[in-house]
Amino acid sequence: MAPIAEYVSILIYLGVALFIGVAALVVGALLGPKKPGKAKLMPYESGNDPAGEVKRFPVHFYVVAMLFILFDVEVAFLWPYAVSAGTLGLYGFLGVAGFTLLLFVGFLYEWWKGVMRWH
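Take my numbering: the last position of the sequence shown gets the number 120, and nothing is skipped along the way.
Here it is, written out as structure tokens:
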């Protein structure tokens, strides 16, 4: 099998996924209601009118959540290496070492910026 032929199924999968995503957005935009009113634009508070001042979560909560997802997803990238570490040899090890070093530099940067400090 030619090397490029091995990727055809992945390209088909990505093409179908992209088509479904774009089709869902287009169909929603074309068929969805387009009559915004005062009631529709109000914030939803469990069926009650908003009372008092709206308090937002600090951005810090969202940053910590994104960092958790980032460092959690790294496991999904390291798992295939852990499964096939013996067959990849030194080249695979150097690739994973570079990836881990990049993540570690990102971790040091977020520590230096004080992202994980709770005030």
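The C-beta atom is built at its ideal place from N, Cα and C for all residues, glycine as well.
All of these numbers come straight from a predicted model, not from anything done at the bench.
For this session: State whether the segment 91-104 contacts the segment 53-68, with contact taken as three or more CB pairs (one from each stretch) at a distance under 8 Å.
Result: no
Problem set entry | Reference Tyr63, options Gly93, Gly38, Val116 and Gly22, closest by Cα | Val116
Exercise. If you draw a straight line from the C-alpha of Lys41 to the C-alpha of Gly33, how long is it?
Worked result: Roughly 14 Å between the two C-alpha positions.
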